Amino acid sequence: MTWFPSKEFFEELRAHVNANPDLFRRLGTVDMTLVVKIDYDDSSDCYEITFSGYRCTGVRQLASVANAAKGAVILSGPYSGWREMIDNIVANGHADLEHTLNTLTLLDTPLHIEADNQLDADLFYRYQQNLQEFFDGAGRSESTAEMSTVH
Amino acid sequence: MPNVSPNVEKALDTLSDVRRGKLDLGWMKSNPEGWGVKATPRDERGLGLEDINRVGRYGDVPDEGSIFGSMAPRGSEIPEDMPSLGCYDINDKSLVWAENAAHLYDEAVARQWSSARDIPWGELQPQRDDLEKAMCQVCTNLAEIEFVAGDMPAKWLHRINHDFHEVKLFLASQIFDEARHMEVFRKRALANGGGLLRSSPDSEQLLRVILEAPNFTTGSALMHILGEGFVLTLFRNGEMFALTPVEKKIFRLCMQDEARHVAYGTMHLKYFLEKHPERESEIHDILRRGEEATFSLNQTQDTVEARAILAGGGLEYIEEGFKKLGYLFKKQIHEYLYRLKMAGIDRTNKLAIPVELPI
């Protein structure tokens, strides 16, 4: 069972991207660090996901966003928002029209993005399709059936 | 042998000499400083411009472009009798350069997509009349304005010195990006039972500001940072309010391209202002004009009504749509000012337009 959120969950997504090289080769290179921040009432979980070229090159759990690599884009929101997105992806095999990353962040709720400067924040738009494919991996990887959104 | 010009006659003589074994081979001894390099790909992405700029002195970009004003490749040996072609008159690096130009070109080449192949056209679905008309009006407007961002770099491209080839290549990639954008929005309008709706006299007038900018940098500030920054949010808007996976993918892919163009513009303005801080007022002046034009363009009635219908989810929800557009406008302004700060210019207290819409 791969729990969301967990380092193993994001490792599954990473493995899915890297095991399907045509996925990113078709979309193009990505050079960015994304930090997924899941907020609870009194704490947060943070996972740093690194992309370079056609690969997802690393996943690590962070104690806080302060430990993130320079230039990282922080994608954050309450657990309920994340859970709804992942549930939707798992149920449909991919995000439906209402649950894409862009749709969930454009009005800054339920998810929102931030970065040290706008050029870094713009990376979230510049690599949008790759990031969507990365998260859609939750609905496509072999362990999909085993992914759980129970915290 | 027909009568030939002296040039052709000279070429024929040379060829004849070579065929008779009268070889020169002087070119084999040329450019000894540039010989012996071996560029290698950084990783599996292949051999990029950034990689070949790391070998020898081939990545040294002069502050002043070659005085020869020719097409000679940077780093090659240039014979003394090389003629100046006269047309390459943008020779000051600071007028076009951005430190990310090579990276953005490599990325642009790797991220090309096809509006024919990569859009799931088969997933279009019949829509309510108001929604289809709103989508077609938005597409009409985007098909109208998108290629201005191709025309503007094209206007300057042929004047840029070849020593700044990273910039020339990036701008060439942008022109093709914009061609694809014009193409994909036209296709969407014509693919689902609707068609093109009304073009905008206001847009035509307002976008002249970009095309008539007095120099490349002011044109770039207007187009890459202001115009494309605003359009980037429009594309995000379009993705959110897409009717089917078709529009979702169209707007997402266009958004990616647009963000690349914005990244060039931001870093070019940064480079320019670092070299020419005394010209900041010139940038403020053109941005003031551009802000007024872009604001008016964004709020033209045909466009704003169509976008509000899509944002609300139908004509009966247009008020809800206007509220969302109001929020997005604030976001557009915030991101625009934040990009300018990155470039080294603060317009927070100089904006020529409201930071919020009266909605």
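For the record, the sequence lines run as chains V and R. 1 is the number of the first residue of the first sequence in this note's numbering; add one for each residue after it. 1001 is the number of the first residue of the second sequence in this note's numbering; add one for each residue after it. Beta carbons are placed, not taken as given, at the ideal position from N, Cα and C, and that holds for glycine. Please read all numbers here as calculations on a predicted model, not as lab measurements.
Taking a cut-off of 8 Å on C-beta distances, the region 27-46 of chain V touches the region 76-83 of chain V, as three or more cross pairs fall below it. Of all residues in the region 50-64 of chain V, only Ser52, Gly53, Tyr54, Arg55 come within less than 8 Å of chain R when Cβ atoms are compared, listed by chain position. Two segments are said to touch when three or more pairs of C-beta atoms, one from each, lie closer than 8 Å; by this definition the region 1224-1243 of chain R does not touch the region 1194-1206 of chain R.
In this structure, R:Phe1235 is the residue among R:Arg1260, R:Phe1235, R:Tyr1338 with its C-alpha nearest to the C-alpha of R:Asn1298. Setting aside the 5 residues that flank it on each side, R:Arg1159 is surrounded in the same chain by Asp1089, Ile1090, each with a C-beta closer than 6 Å to its C-beta; the list follows chain order. For R:Val1262, the C-beta contacts it makes with chain V under 8 Å involve Asp122, in order along the chain. In terms of Cβ geometry, V:Ser76 and V:His99 do not form a close pair [threshold 8 Å].
Secondary structure within the region 1054-1092 of chain R: not one fully enclosed alpha helix (DSSP H) run of 4 or more consecutive residues is present.
In this structure, R:Phe1185 lies near R:Cys1139, with their beta-carbon atoms less than 8 Å apart.
Fewer than three beta-carbon pairs drawn from the region 1124-1132 of chain R and the region 1163-1173 of chain R are found closer than 8 Å, and the two stretches are therefore not classed as touching. For R:Asn1237, the C-beta contacts it makes with chain V under 9 Å involve Leu106, in order along the chain.
Taking a C-beta distance under 8 Å as the contact criterion, R:Met1135 and V:Asn102 do not qualify as a contact pair. Around V:Tyr127, the beta-carbon contacts reaching into chain R at under 8 Å are Gln1256. At a cut-off of 8 Å, the C-beta of R:Met1240 has a neighbouring C-beta in chain V. For a Cβ distance threshold of 9 Å, nothing in chain R lies close to V:Thr33: the least Cβ distance comes to about 16 Å.
Residues of chain V with a Cβ closer than 7 Å to the Cβ of R:Ala1110 are, in chain order, Gly28, Thr29.
Counting only runs of at least 4 residues, the region 1007-1054 of chain R fully encloses the following alpha helix (DSSP H) elements, listed from N- to C-terminal order: 1049-1052.
Identification of chain V residues near R:Met1342 by a Cβ-Cβ cut-off of 7 Å yields Asn117, Gln118, Leu119, ordered along the chain.
For V:Phe51, the closest alpha carbon among the candidates V:Val90, V:Gly139, V:Ala72, V:Leu97 is that of V:Ala72.
Contact of V:Asn20 with chain R by beta-carbon distance below 7 Å is absent, the smallest such distance being about 14 Å. For R:Arg1180, not one C-beta of chain V is nearer than 8 Å to its own C-beta. Secondary structure in the region 1126-1180 of chain R: the alpha helix (DSSP H) runs of 4 residues or longer, each lying completely within the stretch, are 1129-1145, 1148-1157 in chain order. Excluding sequence positions up to five before and after R:Leu1171, its CB lies within less than 7 Å of the CB of Pro1153, Leu1157, all in the same chain and listed in chain order.
Assigned with DSSP and collapsed to three states, V:Tyr79 falls in helix. Here R:Gln1256 carries a helix assignment [DSSP, helix/strand/coil]. For V:Asn102, at least one C-beta of chain R is nearer than 8 Å to its own C-beta. Assignment of V:Glu48 by DSSP, reduced to helix, strand and coil, places it in the strand class.
Rounded to whole angstroms, the gap between the alpha carbons of R:Asp1346 and R:Glu1050 is 31 Å. R:Gln1137 is positioned such that its CB atom lies closer than 8 Å to that of R:Leu1197.
Looking at the DSSP output, V:Val36 sits in a beta bridge with V:Tyr47, V:Leu75.
Rounded to the nearest angstrom, the gap between the Cα atoms of R:Asn1237 and V:Ile74 is 21 Å. In its chain, beyond the 5 residues on either side, Asn1215, Phe1216, Thr1217, Phe1272 have a beta carbon closer than 8 Å to the beta carbon of R:Leu1095. Just so you know, the alpha carbons of V:Ser6 and R:Ala1143 end up roughly 44 Å apart. Your pair R:Pro1120 and R:Pro1245 checks out as a contact, with CB atoms roughly 6 Å apart and the cut at 8 Å. The C-alpha of R:Phe1322 lies about 27 Å from the C-alpha of R:Val1148. The region 15-23 of chain V makes contact with the region 128-138 of chain V; the number of CB pairs closer than 8 Å reaches 3 or more.
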